[in-house]
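Have a look at the structure below before the remarks.
2 protein chains.
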Amino acid sequence: MKEARLRGARESILDAIRASEQLSRVQLATMTGLTEAAVSMTVKRLLADGLIVETGREPTAGKPRTMLRLDPAARLAVGIYLDEETTTYVLTGQTGGVLSRLARPAPESGDEQEVLDRLVADVEVLLSGSGVDRARCLGIGVVWPGPRNGVRNPDDAPPHLRGWRDDELGKRLAEATGWPVLVENDATAAAVGEYWVARLGPQQGFAALYMGSGLGAGLIIEGRAMRGGGGNAGEFGHLCVQVDGPACWCGSRGCLEILAGPRTVVGAAASDPVAAAEAGLDPDAPRQSVIAGFAAVARAARAGAPRCGALLEESARYVAAAAESIVNLLDLDLIVLTGPGFAAASSIYGPAITSRIAAADGRTWHRQVRVTVSTAAAAASATGAAALVLQSHIRG
Amino acid sequence: MKEARLRGARESILDAIRASEQLSRVQLATMTGLTEAAVSMTVKRLLADGLIVETGREPTAGKPRTMLRLDPAARLAVGIYLDEETTTYVLTGQTGGVLSRLARPAPESGDEQEVLDRLVADVEVLLSGSGVDRARCLGIGVVWPGPRNGVRNPDDAPPHLRGWRDDELGKRLAEATGWPVLVENDATAAAVGEYWVARLGPQQGFAALYMGSGLGAGLIIEGRAMRGGGGNAGEFGHLCVQVDGPACWCGSRGCLEILAGPRTVVGAAASDPVAAAEAGLDPDAPRQSVIAGFAAVARAARAGAPRCGALLEESARYVAAAAESIVNLLDLDLIVLTGPGFAAASSIYGPAITSRIAAADGRTWHRQVRVTVSTAAAAASATGAAALVLQSHIRG
DNA sequence: CTAGCATTCTTAAGCAACTGAAGAATGTCG
DNA sequence: CGACATTCTTCAGTTGCTTAAGAATGCTAG
Numbered sequence: 001m002k003e004a005r006l007r008g009a010r011e012s013i014l015d016a017i018r019a020s021e022q023l024s025r026v027q028l029a030t031m032t033g034l035t036e037a038a039v040s041m042t043v044k045r046l047l048a049d050g051l052i053v054e055t056g057r058e059p060t061a062g063k064p065r066t067m068l069r070l071d072p073a074a075r076l077a078v079g080i081y082l083d084e085e086t087t088t089y090v091l092t093g094q095t096g097g098v099l100s101r102l103a104r105p106a107p108e109s110g111d112e113q114e115v116l117d118r119l120v121a122d123v124e125v126l127l128s129g130s131g132v133d134r135a136r137c138l139g140i141g142v143v144w145p146g147p148r149n150g151v152r153n154p155d156d157a158p159p160h161l162r163g164w165r166d167d168e169l170g171k172r173l174a175e176a177t178g179w180p181v182l183v184e185n186d187a188t189a190a191a192v193g194e195y196w197v198a199r200l201g202p203q204q205g206f207a208a209l210y211m212g213s214g215l216g217a218g219l220i221i222e223g224r225a226m227r228g229g230g231g232n233a234g235e236f237g238h239l240c241v242q243v244d245g246p247a248c249w250c251g252s253r254g255c256l257e258i259l260a261g262p263r264t265v266v267g268a269a270a271s272d273p274v275a276a277a278e279a280g281l282d283p284d285a286p287r288q289s290v291i292a293g294f295a296a297v298a299r300a301a302r303a304g305a306p307r308c309g310a311l312l313e314e315s316a317r318y319v320a321a322a323a324e325s326i327v328n329l330l331d332l333d334l335i336v337l338t339g340p341g342f343a344a345a346s347s348i349y350g351p352a353i354t355s356r357i358a359a360a361d362g363r364t365w366h367r368q369v370r371v372t373v374s375t376a377a378a379a380a381s382a383t384g385a386a387a388l389v390l391q392s393h394i395r396g
Numbered sequence: 001m002k003e004a005r006l007r008g009a010r011e012s013i014l015d016a017i018r019a020s021e022q023l024s025r026v027q028l029a030t031m032t033g034l035t036e037a038a039v040s041m042t043v044k045r046l047l048a049d050g051l052i053v054e055t056g057r058e059p060t061a062g063k064p065r066t067m068l069r070l071d072p073a074a075r076l077a078v079g080i081y082l083d084e085e086t087t088t089y090v091l092t093g094q095t096g097g098v099l100s101r102l103a104r105p106a107p108e109s110g111d112e113q114e115v116l117d118r119l120v121a122d123v124e125v126l127l128s129g130s131g132v133d134r135a136r137c138l139g140i141g142v143v144w145p146g147p148r149n150g151v152r153n154p155d156d157a158p159p160h161l162r163g164w165r166d167d168e169l170g171k172r173l174a175e176a177t178g179w180p181v182l183v184e185n186d187a188t189a190a191a192v193g194e195y196w197v198a199r200l201g202p203q204q205g206f207a208a209l210y211m212g213s214g215l216g217a218g219l220i221i222e223g224r225a226m227r228g229g230g231g232n233a234g235e236f237g238h239l240c241v242q243v244d245g246p247a248c249w250c251g252s253r254g255c256l257e258i259l260a261g262p263r264t265v266v267g268a269a270a271s272d273p274v275a276a277a278e279a280g281l282d283p284d285a286p287r288q289s290v291i292a293g294f295a296a297v298a299r300a301a302r303a304g305a306p307r308c309g310a311l312l313e314e315s316a317r318y319v320a321a322a323a324e325s326i327v328n329l330l331d332l333d334l335i336v337l338t339g340p341g342f343a344a345a346s347s348i349y350g351p352a353i354t355s356r357i358a359a360a361d362g363r364t365w366h367r368q369v370r371v372t373v374s375t376a377a378a379a380a381s382a383t384g385a386a387a388l389v390l391q392s393h394i395r396g
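Line by line, the protein sequences give chains A and B. Going by the UniProt record's numbering, the residue at position 138 of the first sequence is 138; the numbering climbs one at a time, nothing skipped. Going by the UniProt record's numbering, the residue at position 106 of the second sequence is 106; the numbering climbs one at a time, nothing skipped.
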């Protein structure tokens, strides 16, 4: 690391402990580049503030080291994920672990004030139900499908949120609750969540590929989320994988999403009688959500249904090529698959990506890319939303 | 900015002046987030050290502001570009301007010591010939085609450098000259050079697309070059633009470089009798360099030759799609074309990229991507190499 | 059981960089 | 000439770190 001075001893120390689970003072000194004296003083203050705790000792050749951990309950964060059908709330501790969870059906009405009131009330329920000290809550992270600044596939926005802009929602929720509110897209939030719960360090750059109703990527480089000039970085679904491919809703052509995105997969399955039967998709049924439809296709494929399997394999060929592009462009050695889509079909997408990348990976790039599936990938957004808040207190 | 504390007042102030050409103390205070007091004291020291100079005053409603600029001659840097045919040396001042230049034919021998001796001797000539104070030279930047850590297309390495590894070259040159040596690939160096001479600020993220004998990209985000985990970020040429495209030397398939790279364009021109005649390529002539061959094709196209024009248009379609992918993935609003290839054919590639991106740009992404051509694109690597050294003293 | 030893952690003095508040400098305008 | 606006400087005070010294802790050898 050796970047202590670049962001204050407190933050460096907290981040080092977060990534390593537990560390002694001397270990912290070498990892952060601070002197042992500085660590000692800062740790004393962190202990006094209750942010960290001493947990046992480890023998050495001399005086045993006293190990330090984050106190999970010292600081809390609320994460909210607004889905088409459900609103999910989680309360996490400082270590990213979920303390309590709440799921509500999405409001039917699109009335702004009503939606807001529901959010405020539900957060209230979450907090009072878990009996925690509300003063310890650092803030609220909110995630909804689609990128920021009003940019999204109109079809992807939850119906009751069609009229909202993300920054507006954040501002009004902050006013109503008194807590700071961070709004983020699903992929970036999931990436930050992965960074947090998988205890990755700043030296581990990675891309979290997220499949919900679309395809996105959260990019974490040097421990920081890349958001781009307009906050829309990570548009994985709009990498071009076929120069003169079909027109995409974004206005371009040959985008990954239009060729291999979940909406396309579900659409292909629905219009193919065999696949539709395999997946139990009823073409005349009331419009199903893309996420649910994709999960049905994936379930069928896992159960051995050949047409659904073929559709997913076909999609995975494109996704794998795009993943390889990201890896080559950013020189990453970790890809994390997350979100409900990849949670349902990681057994197809994972190997496809791995084997595509393997061809040039070691031989040409002297690299060893790992492809992993996020734990709790299906709920990654909600916990990621909470992690955003925690992260903001460590990276300022 | 407001990131003064994150890297010291000196660096913040120098970088702000660099990007703005000239600034007053109070302007510096607001831009860097430092207090006026801190700026005042730091500026006093910078003036004493001779790094900056006061240049005139600007009227205000009150006391006029004293403007500050970098003193171009206060700090120098040497840039070296190792080409297949030529070794180019430049000496630049602190502002990135070229003070003196030297070009030598590349050594024929591949003997390591001989190559090294030539470099040392030529730097000597460059410095003594321009009569500058060598104590003011901060170091040497070295650029050669292909990425780092020994990763490259074997065909692209200059013959006399086949046996070298970049880090080895840097180390031995540093030992031989006593100066710090930075080794970088051509695209990243060109990007840093562009950042420097075009006076871009840290808020301006951009990609410098570089066409030499291959295709690369230098990525500058938040004022820092993205190098990736293994130092190989920016492999623009290995974005996949066709899932089942032809096999690439890297081991994968459908890479941009194999479909539309300069080597491919030249190869197609050489094997097409009409195009070969237009460009004056002699299929039996001693093997020409890719860069020279591409320049010949571009020259013919500019002169109206239809087959050569068509080949470049075809290549540009692919390059444009890959450029759009980068822009979407990183949410950039600036693409800079640089390197000898784009210098020769920017009139074809520039519009192709612009129009491809335009389709979705404003409408969907609320963005306005600019596509520019680097000034002195053909020599961007050498000046970029020098800029690397300057940059390292501001971001160090 | 005590004396060395290795290692971890703490304390105290000092330095460097920045902040805040006050004021000095330098022009314009009535 | 004097009020005003603005830029720049000075100085005392705070913060956060470093360096240097030493205290604490447990193991091992006599």
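C-beta: ideal position from N, C-alpha, C; glycine also.
Within chain A, no C-beta atom comes less than 8 angstroms from the C-beta of residue 128 of chain B; the nearest is roughly 38 angstroms away. The shortest C-alpha to C-alpha distance from residue 185 of chain B to any of B:273, B:392, B:388 and B:330 is the one to B:388. DSSP places residue 247 of chain B in the strand class (E or B) of the three-state scheme. For the stretch 342-364 of chain A, the residues whose beta carbon sits under 7 angstroms from a beta carbon of chain B are, in order, 359, 360, 363 and 364. At a beta-carbon threshold of 7 angstroms, the residues of chain A lying near residue 333 of chain B are 229, ordered along the chain.
Counting only the Cα atoms, residue 377 of chain A lies some 27 angstroms from residue 243 of chain B. Contact annotation: residue 257 of chain B and residue 215 of chain B have beta-carbon atoms nearer than 7 angstroms. In the DSSP annotation of this structure, the continuous segment of the beta strand (DSSP E) that includes residue 206 of chain B starts and ends at 206-211. For residue 109 of chain A, the closest of A:61, A:118 and A:101 by C-alpha to C-alpha distance is A:118. Excluding residues up to 5 positions away in sequence, 367, 368, 369 and 370 lie with their Cβ nearer than 7 angstroms to the Cβ of residue 333 of chain A in the same chain.
The residue from B:46, B:276, B:113 and B:301 with its alpha-carbon nearest to that of residue 175 of chain B is B:113.
A residue is called buried once 16 or more other Cβ atoms fall within 10 Å of its Cβ, and residue 45 of chain B, having fewer, is exposed. For residue 273 of chain B, the uninterrupted alpha helix (DSSP H) run begins and ends at 273-279, by DSSP. Counting along the chain, residue 201 of chain B sits inside no beta strand (DSSP E), nor does DSSP assign it H or E at all.
Residue-level contact check: residue 233 of chain B touches chain A, since one or more beta carbons of chain A fall below 7 angstroms from its beta carbon. Below 8 angstroms, enough C-beta pairs join the stretch 225-241 of chain A and the stretch 308-328 of chain B to call them touching: three or more. Under a criterion of Cβ atoms nearer than 9 angstroms, no residue of chain B is adjacent to residue 138 of chain A; the nearest Cβ is some 22 angstroms distant. For residue 67 of chain B, the secondary structure class from DSSP, reduced to helix, strand or coil, is strand.
Taking a cut-off of 8 angstroms on C-beta distances, the stretch 263-281 of chain B does not touch the stretch 352-360 of chain A, as fewer than three cross pairs fall below it. Contact with chain A is found for residue 321 of chain B, since one of that chain's Cβ atoms lies less than 7 angstroms from the residue's Cβ. DSSP places residue 313 of chain A in the helix class (H, G or I) of the three-state scheme. For residue 144 of chain A, DSSP records a beta bridge to A:185. Pairing residue 231 of chain B with residue 190 of chain B gives a Cβ-Cβ distance that is not under 7 angstroms. Rounded to the nearest whole angstrom, the C-alpha separation of residue 272 of chain A and residue 248 of chain A is 21 angstroms. Against chain B, a Cβ distance below 8 angstroms from residue 226 of chain A picks out 221 and 330.
Below the 8 angstroms Cβ cutoff, chain B contributes 329 as neighbours of residue 326 of chain A, in chain order. For residue 203 of chain B, the number of other beta carbons within 10 angstroms of its own is below 16, and it is reported as exposed.
Remark: C-beta atoms of residue 205 of chain B and residue 229 of chain A approach each other more closely than 7 angstroms.
Of the candidates B:395, B:386 and B:250, the residue whose Cα lies closest to the Cα of residue 93 of chain B is B:386.
Counting C-beta pairs closer than 8 angstroms gives fewer than three between the stretch 7-25 of chain B and the stretch 87-105 of chain A, which falls short of the contact rule. Contact annotation for residue 236 of chain B against chain A: 328 and 329 [CB-CB distance below 9 angstroms, chain order]. Taking 7 angstroms as the cut-off between beta carbons, the residues of the stretch 307-321 of chain A near chain B are 317, 318 and 321, in sequence order. Neighbours of residue 251 of chain A across chain B, judged by C-beta separation under 7 angstroms: 359, 360, 363 and 364. Proximity of residue 200 of chain B to chain A, defined by a Cβ-Cβ separation below 7 angstroms, is not satisfied.
Beta-bridge partners assigned by DSSP to residue 215 of chain B: B:211. Contacts with chain A (Cβ-Cβ distance below 7 angstroms) from the stretch 51-67 of chain B involve no residue at all.
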